[in-house]
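Novice:
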Amino acid sequence: MGCSPALSATSTANLAVQMTLEASCTFSAAATVNFGGHSAAGADVDVTSAVTINCAGGTTFNIGLDKGQGSGATYAARKMTSGTNTLTYSLYSDSARTMVWGDSIGTDTVAGTGRGAAMSYPIYGRVPAQGLAAPGDYVDTVKITITY
């Protein structure tokens, strides 16, 4: 009796491999807008700060800033407070300080497209001349929102 050759057969199929990556954006850093110490608010005080975000490549987004927490604040005239005293200031998206930064998409937000790496956007602040204000430490909190 002789040896029979070994039978060899193959069958193939395709294995599907997939993954869904969703759009995402996160804050990397948001620096304080610090106007410093001054003896009076008799002249405009300008400062520059920044917010740094990281959005997935190709993700379109808008960065918005709310009015802050000061009573009676508007986007163009935000209010820092020290007790019952207020000091008006504004935040802008351009260095000429003509484009008030708000939170209405398509109107006064900053739009962009993610690159999958940190991107920094300057915030231009101004305390306009407003005469003698009461001494104190004036503060406000502005909420930053990324819509994507």
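Mapping of the sequence shown onto the numbering used here: residues 1 to 148, in sequence order. Glycine included, each C-beta is placed from N, C-alpha and C at the ideal position.
(1) Using C-beta distances below 6 Å, list every residue in its chain close to P122, excluding the 5 sequence neighbours before and after it, in chain order.
(2) Going by DSSP in three states, L65 sits in which element: helix, strand or coil?
(3) Can you tell me where the beta strand (DSSP E) with Y124 in it begins and where it stops?
(4) Can you list, in chain order, the residues of its chain whose CB lies under 8 Å from that of S71, leaving out five sequence neighbours each side?
(5) Hey, how far is the Cα of T26 from the Cα of G102?
(6) Please confirm if the region 106-123 is in contact with the region 52-70, defined as three or more CB-CB distances below 8 Å between the two stretches.
(7) If we call anything under 8 Å between Cβ atoms a contact, is D94 one with Y124?
(8) Please state whether the Cβ-Cβ distance between G68 and V17 is less than 8 Å.
Specialist: Reading it off the structure:
(1) If we look at P122 and ignore the five residues flanking it on each side, its Cβ neighbours are T48, A50.
(2) The answer is strand: DSSP assigns L65 an E or B state.
(3) Counted as a single uninterrupted DSSP element, the beta strand (DSSP E) harbouring Y124 occupies residues 118-127.
(4) The residues are K79, T81, T86.
(5) If you take the alpha carbons of T26 and G102, they lie about 19 Å apart.
(6) Contact holds: three or more Cβ-Cβ distances are below 8 Å.
(7) Remark: C-beta atoms of D94 and Y124 approach each other more closely than 8 Å.
(8) Taking a C-beta distance under 8 Å as the contact criterion, G68 and V17 do not qualify as a contact pair.
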